[in-house]
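Reading the sequence shown from the start, the letters are residues 0 to 166 in numbering that gives the first Met the number 0. Contents: one structure, followed by commentary.
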Amino acid sequence: MCTVIGGAYYGKVHANSKFQPRTIEESYLEIGYKPVGEALRDFEHHYKQNLQLPLRVSPVIFTHVFARFNEGDGKDIFEMEFINEQSPKNNFMINVAVKDSFKILDKEVTKEFRLKGGNTAYLLSTGGTILLVFEKDNLQYRFSVDKRMSEKITPETLVRIANSIDY
0 MCTVIGGAYY GKVHANSKFQ PRTIEESYLE IGYKPVGEAL RDFEHHYKQN LQLPLRVSPV
60 IFTHVFARFN EGDGKDIFEM EFINEQSPKN NFMINVAVKD SFKILDKEVT KEFRLKGGNT
120 AYLLSTGGTI LLVFEKDNLQ YRFSVDKRMS EKITPETLVR IANSIDY
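Spelled out as C-alpha coordinates, the structure:
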(Lines of atoms letter the chains of each structure in order from A and count residues from 1; the text may use other names and numbers.)
(Lines give C-alpha, C1' and ligand atoms only; values in the text may rest on other atoms or scores of the structure.)
Protein backbone atom coordinates (compact mmCIF):
# COMPACT_ATOMS: atom_id res chain seq x y z
CA MET A 1 0.00 0.00 0.00
CA CYS A 2 2.86 2.43 0.90
CA THR A 3 4.49 1.74 -2.45
CA VAL A 4 1.30 2.64 -4.29
CA ILE A 5 0.79 5.88 -2.32
CA GLY A 6 4.48 6.79 -2.52
CA GLY A 7 4.47 6.14 -6.26
CA ALA A 8 1.46 8.39 -6.76
CA TYR A 9 3.28 11.35 -5.18
CA TYR A 10 6.67 10.70 -6.78
CA GLY A 11 8.08 13.87 -8.31
CA LYS A 12 5.63 16.22 -6.61
CA VAL A 13 6.84 18.84 -4.19
CA HIS A 14 4.53 20.37 -1.62
CA ALA A 15 5.64 23.67 -0.15
CA ASN A 16 4.23 25.19 2.99
CA SER A 17 3.01 28.58 1.85
CA LYS A 18 3.04 29.78 5.47
CA PHE A 19 6.84 29.52 5.76
CA GLN A 20 8.46 32.93 5.85
CA PRO A 21 12.24 33.29 6.07
CA ARG A 22 13.45 35.18 9.11
CA THR A 23 14.41 38.77 8.66
CA ILE A 24 17.78 39.95 9.84
CA GLU A 25 15.99 42.06 12.46
CA GLU A 26 14.21 38.99 13.85
CA SER A 27 17.45 37.02 13.95
CA TYR A 28 19.34 39.70 15.85
CA LEU A 29 16.47 40.38 18.27
CA GLU A 30 16.28 36.67 19.06
CA ILE A 31 19.91 36.62 20.25
CA GLY A 32 19.45 39.64 22.53
CA TYR A 33 20.23 42.60 20.31
CA LYS A 34 17.97 45.64 20.55
CA PRO A 35 17.94 49.29 19.53
CA VAL A 36 21.13 51.09 20.57
CA GLY A 37 19.40 53.42 23.03
CA GLU A 38 17.92 50.52 25.00
CA ALA A 39 21.23 48.65 25.23
CA LEU A 40 22.99 51.88 26.21
CA ARG A 41 20.50 52.42 29.05
CA ASP A 42 21.09 48.83 30.21
CA PHE A 43 24.86 49.43 30.35
CA GLU A 44 24.54 52.79 32.12
CA HIS A 45 22.06 51.42 34.66
CA HIS A 46 24.38 48.48 35.42
CA TYR A 47 27.56 50.57 35.80
CA LYS A 48 25.93 53.76 37.11
CA GLN A 49 27.94 55.84 34.63
CA ASN A 50 27.45 57.33 31.19
CA LEU A 51 28.85 55.51 28.19
CA GLN A 52 30.23 57.78 25.51
CA LEU A 53 29.99 56.45 22.00
CA PRO A 54 31.82 57.85 18.98
CA LEU A 55 30.20 60.62 16.97
CA ARG A 56 32.06 59.57 13.84
CA VAL A 57 31.15 56.34 12.11
CA SER A 58 32.81 54.16 9.53
CA PRO A 59 32.80 55.39 5.90
CA VAL A 60 31.27 52.06 4.82
CA ILE A 61 27.52 51.86 4.21
CA PHE A 62 25.59 49.77 6.72
CA THR A 63 21.97 48.69 6.54
CA HIS A 64 21.49 48.01 10.26
CA VAL A 65 22.88 48.88 13.69
CA PHE A 66 22.10 46.66 16.67
CA ALA A 67 23.34 46.67 20.25
CA ARG A 68 23.09 44.62 23.39
CA PHE A 69 24.46 44.59 26.90
CA ASN A 70 25.57 41.16 28.07
CA GLU A 71 26.08 40.66 31.76
CA GLY A 72 27.20 37.68 33.72
CA ASP A 73 30.25 35.74 34.83
CA GLY A 74 32.14 38.99 35.37
CA LYS A 75 32.23 39.57 31.62
CA ASP A 76 29.76 42.43 31.31
CA ILE A 77 30.09 43.93 27.86
CA PHE A 78 28.27 46.42 25.64
CA GLU A 79 28.24 45.36 21.98
CA MET A 80 27.24 47.55 19.07
CA GLU A 81 27.28 45.99 15.62
CA PHE A 82 27.00 47.76 12.28
CA ILE A 83 26.12 45.37 9.46
CA ASN A 84 25.26 45.41 5.79
CA GLU A 85 22.60 42.85 4.94
CA GLN A 86 23.85 42.52 1.36
CA SER A 87 27.55 42.29 2.17
CA PRO A 88 28.64 40.17 5.16
CA LYS A 89 32.18 41.56 5.08
CA ASN A 90 30.77 45.05 5.70
CA ASN A 91 30.62 44.90 9.44
CA PHE A 92 32.05 47.04 12.18
CA MET A 93 31.76 46.28 15.88
CA ILE A 94 32.24 48.34 19.01
CA ASN A 95 32.68 46.51 22.32
CA VAL A 96 32.96 48.30 25.65
CA ALA A 97 33.75 46.74 29.02
CA VAL A 98 35.51 47.61 32.24
CA LYS A 99 39.21 48.40 32.08
CA ASP A 100 41.51 45.41 31.40
CA SER A 101 38.69 43.21 30.05
CA PHE A 102 40.27 42.78 26.63
CA LYS A 103 43.69 41.17 26.82
CA ILE A 104 46.35 42.64 24.57
CA LEU A 105 49.16 40.27 23.62
CA ASP A 106 52.39 41.99 22.57
CA LYS A 107 52.81 39.60 19.65
CA GLU A 108 49.44 40.72 18.21
CA VAL A 109 50.14 44.47 18.42
CA THR A 110 51.05 45.80 14.98
CA LYS A 111 51.04 49.52 15.77
CA GLU A 112 50.39 52.01 18.55
CA PHE A 113 48.61 55.35 18.20
CA ARG A 114 48.38 58.33 20.55
CA LEU A 115 44.75 59.46 20.95
CA LYS A 116 43.43 62.89 21.86
CA GLY A 117 43.67 63.11 25.61
CA GLY A 118 46.96 61.17 25.66
CA ASN A 119 45.73 57.56 25.83
CA THR A 120 47.38 54.89 23.72
CA ALA A 121 45.39 52.84 21.21
CA TYR A 122 46.74 49.46 20.16
CA LEU A 123 46.17 48.09 16.68
CA LEU A 124 45.99 44.30 16.67
CA SER A 125 45.64 41.82 13.88
CA THR A 126 44.15 38.44 14.72
CA GLY A 127 42.78 35.94 12.25
CA GLY A 128 40.52 37.76 9.80
CA THR A 129 40.00 40.77 12.07
CA ILE A 130 41.68 44.11 12.71
CA LEU A 131 41.18 45.48 16.22
CA LEU A 132 41.79 48.86 17.82
CA VAL A 133 41.82 48.67 21.63
CA PHE A 134 42.05 51.67 23.98
CA GLU A 135 40.93 52.95 27.37
CA LYS A 136 38.82 55.96 28.28
CA ASP A 137 37.09 56.84 31.56
CA ASN A 138 37.99 53.53 33.23
CA LEU A 139 36.43 51.64 30.36
CA GLN A 140 38.10 49.67 27.62
CA TYR A 141 36.90 50.02 24.04
CA ARG A 142 37.51 47.57 21.23
CA PHE A 143 36.71 48.35 17.62
CA SER A 144 36.81 45.44 15.21
CA VAL A 145 36.55 45.25 11.45
CA ASP A 146 36.87 42.47 8.92
CA LYS A 147 40.35 42.51 7.29
CA ARG A 148 38.68 42.44 3.86
CA MET A 149 37.50 45.98 4.63
CA SER A 150 40.98 47.30 5.46
CA GLU A 151 41.17 49.46 2.33
CA LYS A 152 37.99 51.32 3.29
CA ILE A 153 38.36 51.23 7.07
CA THR A 154 42.04 51.92 7.66
CA PRO A 155 43.75 52.05 11.07
CA GLU A 156 43.76 55.84 10.74
CA THR A 157 39.99 55.75 10.20
CA LEU A 158 39.60 53.70 13.38
CA VAL A 159 41.70 56.26 15.26
CA ARG A 160 39.52 59.11 13.95
CA ILE A 161 36.45 57.23 15.15
CA ALA A 162 38.09 56.69 18.57
CA ASN A 163 39.01 60.38 18.81
CA SER A 164 35.39 61.36 18.13
CA ILE A 165 34.43 60.00 21.55
CA ASP A 166 35.91 63.17 23.12
CA TYR A 167 33.14 65.50 22.11
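Glycine included, C-beta positions come from ideal geometry on N, C-alpha and C. All of these numbers come straight from a predicted model, not from anything done at the bench.
message: Let me make sure I understand the geometry here. Which of 42, 59 and 127 has the alpha-carbon closest to that of residue 138?
response: The count along the sequence shown starts at 1 and reaches residue 138 at position 139. Selected option, being the one with the closest Cα: 42.
query: Rounded C-beta distance between residue 51 and residue 160? I'm assuming under 8 Å.
result: Here residue 51 refers to the residue found at position 52 when the sequence shown is read from its first residue. Here residue 160 refers to the residue found at position 161 when the sequence shown is read from its first residue. About 12 Å separates the two Cβ atoms, so there is no contact after all.
message: Can you tell me whether residue 140 is helix, strand or coil according to DSSP?
response: Indexing the sequence shown from 1 puts residue 140 at position 141. Strand, per DSSP.
- prompt: Should residue 101 and residue 94 be called a contact, given that it needs their Cβ atoms to be closer than 9 Å?
  reply: Here residue 101 refers to the residue found at position 102 of the sequence shown. Here residue 94 refers to the residue found at position 95 of the sequence shown. Taking 9 Å as the Cβ cut-off, residue 101 and residue 94 qualify as a contacting pair.
- request: With a 10 Å radius around its C-beta and 16 neighbouring C-beta atoms as the bar for buried, classify residue 152 as buried or exposed.
  value: The residue you call residue 152 lines up with position 153 of the sequence shown. Buried, by the Cβ-count rule.
message: Can you find the residues in the same chain that come closer than 6 Å, C-beta to C-beta, to residue 96, ignoring five residues on each side of it along the sequence?
response: Sequence index remark: in the sequence shown, residue 96 carries index 97 (1-based). The answer, listed in chain order, is 76 and 139.
query: Skipping 5 residues on each side, what residues in its chain have a beta carbon closer than 7 Å to that of residue 125?
result: Here residue 125 corresponds to residue number 126 of the sequence shown, with the count starting at 1. Contacts found: 107.
query: Quick one, which of 162, 135, 71 and 25 has its alpha-carbon nearest residue 84's?
result: In the sequence shown, counting from the first residue as 1, residue 84 sits at position 85. Cα-wise, what sits closest to residue 84 is 25.
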